[in-house]
Amino acid sequence: MDSHVYHGYTVPPFYDSMVGKVIAYGASREQAIRRMRVALSEMVVEGIRTNLPLHQELLNDARFVRGGVSIHYLENKLIEEQRGAR
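All residue numbers for the sequence shown refer to this note's numbering, where the first residue is 294 and numbers rise by one.
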């Protein structure tokens, strides 16, 4: 976990949307994904909305897990989901 935030920190009202980042690695893509799933399942952030649920969803998306996605993967996924919600 890489962050400037500490226990008791007050996030200002106009905060940078990236208050922290989590990096997982492994000997294989599968291992890194497993490690990230565990890290995100143990993550607790209180007081602000986070995108943890989105990242957990991505790590369970078969296309992402399989690999070979482009840099447009997330953008397209969100557009598809928005269309499906209408």
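A virtual CB, placed ideally from N, CA and C, is assigned to each residue, including glycine. Because the structure is a prediction, the values reported are computed rather than measured.
- Between residue 325 and the set 357, 344, 302 and 310, the nearest pair of CA atoms involves 357.
- Looking at 352, 341 and 347, the one whose alpha-carbon comes closest to that of residue 331 is 352.
- Residue 301 is not bridged by DSSP to any residue.
- Taking all protein chains shown into account, residue 329 has 16 or more neighbouring C-beta atoms within 10 Å of its C-beta and is therefore buried.
- Excluding residues up to 5 positions away in sequence, 294 and 332 lie with their Cβ nearer than 6 angstroms to the Cβ of residue 315 in the same chain.
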